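**Student:** Protein chains in written order, with the numbering used here: chain A, 7 to 388; chain B, 30 to 260.
1. With H, G and I counted as helix, E and B as strand and the rest as coil, what does DSSP make of residue 252 (chain A)?
2. Kindly indicate which residue of A:281, A:284 and A:314 has the alpha-carbon position closest to the one of residue 296 (chain A).
3. Strictly under 9 Å for the Cβ-Cβ distance: is residue 244 (chain B) near chain A by that measure?
4. Check the Cβ of residue 374 (chain A) against every Cβ in chain B and list those closer than 9 Å, keeping chain order.
5. Compare the C-beta of residue 24 (chain A) against all C-beta atoms of chain B and say whether one is closer than 9 Å.
6. Tell me the rounded alpha-carbon separation between residue 45 (chain B) and residue 92 (chain B).
7. At a Cβ threshold of 9 Å, is residue 258 (chain B) touching chain A?
8. Establish whether the CB of residue 99 (chain A) and some CB of chain B are separated by less than 9 Å.
9. Which of the three DSSP states is assigned to residue 315 (chain A) in this structure?
10. Among A:357, A:382, A:364 and A:384, whose alpha-carbon lies nearest the alpha-carbon of residue 38 (chain A)?
11. Could you round the C-beta distance between residue 33 (chain A) and residue 329 (chain A) to whole angstroms and report it? I think they count as a contact, below 8 Å.
12. Following the continuous alpha helix (DSSP H) through residue 296 (chain A), name the residue where it begins and the one where it ends.
13. From residue 380 (chain A) to residue 230 (chain B), what does the alpha carbon distance come to, in whole angstroms?
14. When Cβ atoms are compared, which residues of the stretch 108–127 of chain B fall closer than 7 Å to chain A?
15. Taking 9 Å as the threshold (beta carbon to beta carbon), is residue 388 (chain A) in contact with chain B?
16. Which residues in chain A sit within 7 Å of residue 42 (chain B), going by Cβ to Cβ distance?
17. Please decide whether residue 381 (chain A) counts as near chain B, where near means a Cβ-Cβ distance under 9 Å.
18. Restricting to runs no shorter than 4 residues, where is the alpha helix (DSSP H) found entirely within the stretch 118–143 of chain A?
19. What's the C-alpha gap between residue 216 (chain A) and residue 226 (chain A)?
20. Quickly, what does DSSP pair residue 178 (chain A) with across the bridge? List them, please.
21. Quick one: grab the DSSP three-state call for residue 176 (chain B).
22. Hey, how far is the Cα of residue 149 (chain B) from the Cα of residue 161 (chain B)?
23. Of the residues that make up the stretch 130–156 of chain A, which ones have a beta carbon closer than 9 Å to any beta carbon in chain E?
24. Closer than 9 Å, CB to CB, is residue 95 (chain B) near chain A or not?
25. Tell me the rounded alpha-carbon separation between residue 136 (chain B) and residue 186 (chain A).
26. When the Cα atoms are used, what is the spatial distance from residue 159 (chain A) to residue 135 (chain A)?
27. Below 9 Å between beta carbons is the criterion; list the residues of the stretch 216–229 of chain B that meet it against any residue of chain A, in chain order.
28. Buried or exposed: which applies to residue 130 (chain A), given that a residue is buried once 16 or more other Cβ atoms fall within 10 Å of its Cβ?
29. Would you tell me roughly how many angstroms separate the C-alpha atoms of residue 16 (chain A) and residue 131 (chain B), rounded to the nearest one?
30. Contact criterion: CB-CB distance below 9 Å. Does residue 27 (chain A) meet it with respect to chain B?
31. Go ahead and label residue 85 (chain B) buried or exposed: buried means 16 or more other beta carbons lie within 10 angstroms of its beta carbon, across all protein chains shown.
32. Using the three-state DSSP reduction, which class does residue 288 (chain B) fall into: helix, strand or coil?
33. So residue 196 (chain A) is in the beta strand (DSSP E); what residue range does that whole segment cover?
34. Within 10 angstroms of its Cβ, does residue 226 (chain B) collect 16 or more other Cβ (buried), or is it exposed?
35. For the candidate residues B:192, B:239, B:187 and B:221, whose alpha-carbon lies nearest to that of residue 262 (chain B)?
36. Comparing the C-beta of residue 272 (chain A) with each C-beta of chain B, is any distance below 9 Å?
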């Protein structure tokens with residue numbers, strides 16, 4: 007602590023250069039926080055997947071529908087205790103750029119298979135008996151200031167209505183469910199499949215995918231094989247996966263987000279390493295006579311190394327804290343895009359580790375240069 | 030009187046390209062404790078090399094150097110650094126202050142290496158600035174001080190850890206005559222009143238007159254009043 011004024015003074019020797027480097031590091035860690043946050047959020051969806059649930063979807067592509075008639079056949083498969091189904095509705099509310107995860111479902115089946123989604127029993131009962139009823143997640147209700155009883159107009163990017171051919175839909179909000187216990191991807195809107203199926207202009211009698219609950223998770227492989235064999239060589243062949251595999255393959259079909267974000271962060275940090283390294287080398291290079299004086303006064307090579315590393319640590323860590331703090335603050339605003347409202351804490355740990363590594367990588371070369379300094383030459387300006 | 034500095038048969042060579050040049054030739058020197066010694070000589074005579082050896086900034090190729098009874102020529106780099114921090118105060122021609130630090134922070138630098146508390150360090154810094162007459166400039170940065178004041182701060186920095194020996198390399202070389210006299214008066218006071226042993230390198234015969242003894246270095250050997258000291 008007693009060396010702090012000396013370290014601080016060294017850091018601000020060239021104010022403009024330090025501020026610009028500082029800003030660059032803040033921006034890099036802001037990007038790091040956001041991109042790694044997205045990565046971690048997606049990974050948590052995969053890692054938090056339930057081992058009891060299987061996803062049955064079209065073998066061709068997950069957007070291809072399956073016949074509603076499969077429901078009874080699935081229920082008859084040994085080892086399956088519950089079956090639910092859902093369809094991708096693809097709506098937006100007011101903002102056409104912000105699609106909401108909304109599914110028409112059999113509400114009783116759906117909430118039974120997802121006990122992590124908490125909906126009050128009376129609201130579930132109301133939803134079942136209200137044809138155009140809808141329940142939404144707490145987050146969505148808070149975001150749009152919706153309350154029970156509101157009439158909510160939505161526009162679907164996929165589904166037109168049989169009656170008038172347009173894609174304007176309207177629902178009555180009858181309940182609000184809690185998704186806090188749900189790990190990974192959670193729905194934001196659920197409404198009655200029967201109402202949707204009768205009203206839609208095409209694909210009637212079809213559903214998007216089935217979710218089945220296993221009586222015994224250890225028999226997952228056998229049940230998967232049975233299901234896919236059951237529908238083999240039919241018009242609608244199936245591909246059955248565990249919830250985890252399904253989450254992984256969904257992400258892969260979106261593109262390898264993990265790889266892309268890692269490449270971007272890697273490129274940013276690589277550039278930053280050179281920028282900060284150059285700043286540190288220049289800064290120390292300009293102060294060679296000052297360090298020579300310190301060594302003359304009795305500062306050992308170790309103390310001088312500690313001073314240099316403290317300077318780079320102070321610069322990198324302070325900027326990293328600010329960059330990650332801004333990313334943390336921006337995360338709730340990104341919920342509509344990535345479906346997660348808070349930055350996973352592991353990203354903070356990773357960020358601090360990256361900042362320390364960067365400080366060491368940029369501080370060690372100039373410190374090494376000072377270790378090899380010949381005092382009499384440095385003092386003589388040679 | 031005991032010797033503060035004792036050099037025996039000291040040889041120092043430097044490499045210039047592929048050639049090795051002997052800068053000091055079997056040099057002997059005794060500086061009694063409490064002496065104010067002026068080393069004079071033309072450029073390239075070896076006087077700064079001699080000062081660097083006495084101050085523990087460099088090591089001889091042959092011979093021995095003792096300062097305050099300790100052999101410094103056999104010390105490792107880290108031992109030398111520690112030894113310098115305890116026993117030597119340096120004053121340079123161009124002051125060599127840290128430009129971003131205030132006068133008091135500059136003076137405090139040698140004390141950061143000690144185990145003194147913050148309060149003790151502050152008290153010592155105040156005392157050192159008081160001695161050089163700059164108590165009222167403690168918060169000023171070097172750029173806000175005149176050349177003479179900067180050299181006073183440098184002297185306070187050299188004094189603050191109460192060293193055995195003050196090593197001054199052309200301390201008045203960058204100052205006008207009047208300011209140089211003030212600095213030399215100050216060094217004389219430190220020598221006479223505080224008993225500090227001082228070895229000063231200077232080109233200036235008038236500055237050398239402030240010393241209690243003058244020695245000339247010429248071609249790597251000591252010359253006293255024109256008579257060469259036999260090595």
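Quick reminder that beta carbons are idealized off the backbone N, C-alpha and C, glycines included.
Only a predicted model underlies this, so the values are computations on that prediction, with no experimental measurement involved.
**Tutor:** Taking the geometry as given:
1. helix
2. A:314
3. no
4. None at all; the shortest Cβ gap to chain B is about 15 Å.
5. no
6. 21 Å
7. Any reading at residue 258 (chain B) must be qualified, since the residue scores a pLDDT of 37, below 50, and its modelled position is unreliable; the value itself is stated next. Chain A contact via Cβ: absent.
8. no
9. helix
10. A:357
11. 7 Å
12. 294–302
13. 21 Å
14. 110, 111, 113, 114, 119, 125 and 127
15. no
16. Ordered by position in chain A, no residue passes the 7 Å Cβ test against residue 42 (chain B), which lies about 13 Å from the chain.
17. yes
18. 127–135
19. 15 Å
20. A:139 and A:157
21. helix
22. 19 Å
23. Here chain E cannot be found, since the structure's protein chains are A and B.
24. no
25. 60 Å
26. 20 Å
27. none
28. buried
29. 13 Å
30. no
31. buried
32. Lying before the first or after the last residue shown, residue 288 (chain B) is absent from chain B, which here runs from 30 to 260.
33. 195–198
34. buried
35. Chain B is shown from 30 up to 260; residue 262 (chain B) falls before or after that span and cannot be answered.
36. no
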